[in-house]
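Heads up, our numbering is the position in the sequence shown plus 18, with the first residue counted as 1. Built from N, CA and C at the ideal position, the CB exists for glycine as well. Here is the structure we will look at, set down as structure tokens.
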Amino acid sequence: MSDETSLDPTDWEAFRTNAHAALDVAISHMETRKQSPVWQPVPAEVKQSLRAQLPRSGEDAEVLNARIARDFLPFGVGNTHARFFGWVHGSGTPEGLIPEMFAAAMNANLGGRDHVANEVEKQVIDWCVEIFSFPKTAGGLIVSGTSMATLIALKAAREKHGGLDLRKGGVTSAAAQLVGYTSQQAHSCIARSFDILGLGQDALRSIPTDAAFQMDTDALHAAIRQDLAAGLQPFCLIGTAGTVNVGSIDPLDELADIAQEFGLWLHVDGAFGALAVLSEKLKPRLKGIERANSLAFDFHKWMHVNYDAGFVLTRDDEDQRRAFSERPEYLEGATRGLAAGNPWFCEYGPELSRGFRALKVWYHMSRFGLDRLGAKISENCDQAGALADVIAQTDGLELLAPVSLNIACFRVVRDGLGEAALDQLNSEIVVELQEKGLAAPSTTRINGKLAIRVNITNHRTQISDLKFLVENIVALGDALS
């Protein structure tokens, strides 16, 4: 047994030197990010290098670090750049490097047991309960993102209304078919959750929206009454705080009234928009969110925590625990020792092994403070409003939806071009912007028309970046048309 070794460094000083050098490279990359293209395609030779055979023997750390700096860092999705406007990606911060290092050093598993990492997550949970004015019975869980948070919340809702027998007998054991309601603007993760939970996507009613892209509550009432008359069991209503297409906010207080009227579980998908409560200017528009039975949102979007970090908040944490708790003999708890700390986080979701995401969330909130983070949210919305004003004043540009929060949807228009040609023109403009590394908006469809979609969940974006974007869109529109 004399040749037993670990994977620890044999020369700690050499490791320290190499680690410091790697950290310097990472910081320099972030410091100079705006001087490089927003996005650039991965070169063919880099892709080919990632088709290598299994690494049977180890590689020198300095060689690996140099390869990452050369082949990986320049070819990310682009969301750390000030002119990344695509989809709803958070932009992260250089400060995020620090808690990630400490989390790696601890290598904690937050599935359960009695250790400090779980206490950190409990602190974050308590803060979220306070942020959203939920009652003291509330609880939650840090997860990968809103998709997982939605799945957890809707499973709690399913068992709350369909009964705990569903955990053994499945949805076929329910007394009546369970059905839910959300708007036509809702995120696809809701329908996916209905699929995964065995409810089926057909059990999710897609309610029309009004001119402001908010759920039509008259149509909602009619749909619920129709299902009741058909002998079905309505069990949940899902509102959206910040729709992915245009950033609209459903009338949450009115939805809470309807949920109370019909005895429904109210879930709010607030992937990015829920955190607008941190802005005193925007918080009144989210009135009613505090009445929800559950809420899903992401720290890695508008709070700028590095990926990935989402959250599910449940009004009564026992509803969530009953939907998931499973403690076989090898996970038996104790009142003392390492197996204490009950209940364990693995009782609140599907994961037993859970990384220390809580540390970077705790660090980020502690480091920047909620007032500063809320101010950046307000600023992004002001920037989107300013962009809408520029669009309205620019010949050849057409705003396709009202700017509700931080998203502007518009297009280039040219005389003599039909709808199909305009769609093709605007699609090509977006691709050209991306491939030239100038900016990275995305596209969507608004009332059937292809739109250039500019989402601003980016603390680095400045008005000058938006003017640069518009100037290049106009120039490309002229050149391509």
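Check each candidate in L282, E77, P27 and A79 and name the one with the smallest Cα separation from V197. Translated into the one-based positions of the sequence shown, residue 197 becomes position 179. Checked all of L282, E77, P27 and A79; the closest Cα to V197 is L282.
Applying the 10 Å Cβ sphere with the 16-neighbour rule, what's the burial state of P346? Start at 1 with the first residue of the sequence shown, and residue 346 comes out as number 328. By the neighbour-count rule (16 or more Cβ atoms within 10 Å), P346 is not buried but exposed.
Applying the criterion that 16 or more other CB atoms from any shown protein chain within 10 Å of the CB defines a buried residue, is D389 buried or exposed? The residue labelled residue 389 in the question sits at position 371 within the sequence shown. Answer is exposed; the Cβ neighbour count stays below 16.
On the DSSP bridge list, what partners appear for P226? Within the sequence shown, the letter at position 208 stands for residue 226. Note: P226 sits in no beta bridge, so no partner.
Using DSSP with H/G/I as helix, E/B as strand and the rest coil, what is V348? Taking the first residue of the sequence shown as 1, we reach residue 348 at position 330. Before going on, a small fix: residue 348 reads as Tyr here, not Val. Helix.
Is P252 helix, strand or coil by DSSP? Locating residue 252 in the sequence shown gives position 234, where the first residue counts as 1. Strand, per DSSP.
Relative to the C-alpha of A402, which residue among T412, L418, I395 and I425 is closest? As a first step, residue 402 must be located in the sequence shown, where it is residue number 384. It is I425.
Which first and last residues belong to the beta strand (DSSP E) in which S201 is found? Position 183 of the sequence shown, counted from the start, is the residue given in the question as residue 201. Residues L196 to S201.
Can you check which of these residues, P55, E369 and I464, is closest to E416 by C-alpha distance? If you number the sequence shown from 1, residue 416 lands on position 398. Per the Cα distances, I464.
Using a Cβ-Cβ cut-off of 6 angstroms (strictly less than) and excluding sequence neighbours within five positions of C364, which residues of its own chain qualify? The residue you call residue 364 lines up with position 346 of the sequence shown. Closer than 6 angstroms at the Cβ level, and outside the excluded window around C364, lie G129, G130 and L370.
Please classify K299: does DSSP put it in a helix, a strand, or coil? Sequence index remark: in the sequence shown, residue 299 carries index 281 (1-based). Reduced to three states, the DSSP call for K299 is coil.
May I have the straight-line CA-CA distance separating S211 from L169, to the nearest angstrom? Locating residue 211 in the sequence shown gives position 193, where the first residue counts as 1. Locating residue 169 in the sequence shown gives position 151, where the first residue counts as 1. Whole-angstrom Cα-Cα distance: 5 angstroms.
Can you give the beta carbon distance from A274 to L284, rounded, assuming they're within the 8 angstroms contact cut? Along the sequence shown, one-based indexing puts residue 274 at 256. Along the sequence shown, one-based indexing puts residue 284 at 266. Contact flag correct, Cβ pair sits at about 6 angstroms.
Of the listed residues F93, L423 and R74, nearest to K65 (C-alpha basis): Position 47 of the sequence shown holds residue 65. When only C-alpha atoms are compared, the closest one is F93.
Within a Cβ cutoff of 6 angstroms, which residues of the same chain sit near W14, ignoring the five residues on either side of it in sequence? The requested residue 14 is not part of the displayed model; the chain covers only 19 to 499.
Tell me whether the stretch 307-314 and the stretch 258-277 touch, counting them as touching only if at least three CB pairs, one residue from each stretch, are closer than 8 angstroms. The stretch 307-314 is in contact with the stretch 258-277.
Beta-carbon spacing of E139, A376 below 8 angstroms: On the sequence shown, residue 139 is found 121 positions in, with the first residue counted as 1. On the sequence shown, residue 376 is found 358 positions in, with the first residue counted as 1. Cβ distance < 8 angstroms, so E139 and A376 count as in contact.
Proximity to H382 [Cα-Cα], best of H322, H38 and K178: One-based indexing of the sequence shown puts residue 382 at position 364. Out of H322, H38 and K178, H322 has the C-alpha closest to the C-alpha of H382.
Minimum C-alpha distance to D441 - residue among K467, K299, P252 and N83: Against the sequence shown, residue 441 aligns to sequence position 423. D441 has its Cα closest to that of K467, out of K467, K299, P252 and N83.
Counted within 10 angstroms of its Cβ, other Cβ atoms place L356 as buried (16 or more) or exposed: Working through the sequence shown from its first residue, we reach residue 356 at position 338. Exposed: under 16 other Cβ atoms inside 10 Å.
So L159 and V330 are supposed to be a Cβ contact under 8 angstroms. How far apart are they, rounded? Indexing the sequence shown from 1 puts residue 159 at position 141. Indexing the sequence shown from 1 puts residue 330 at position 312. Indeed they touch by this definition, with Cβ atoms about 5 angstroms apart.
Taking F386 as part of the alpha helix (DSSP H), name the residues at either end of that continuous run. Against the sequence shown, residue 386 aligns to sequence position 368. Run containing F386: R375 to F386, per the alpha helix (DSSP H) assignment.
Would you check if there are 3 or more beta carbon pairs closer than 8 angstroms linking the stretch 334-342 to the stretch 91-110? no
Can you tell me which of R51, L68, A79 and V56 puts its alpha carbon nearest to the alpha carbon of D29? Position 11 of the sequence shown holds residue 29. It is A79.
Helix, strand or coil for G328 per DSSP? Along the sequence shown, one-based indexing puts residue 328 at 310. In the structure shown, G328 sits in a strand (DSSP, three-state: E or B).
Would you list, in sequence order, the uninterrupted beta strand (DSSP E) runs of no fewer than 3 residues that lie entirely inside the stretch 382-469? 415-417, 425-430 and 460-464
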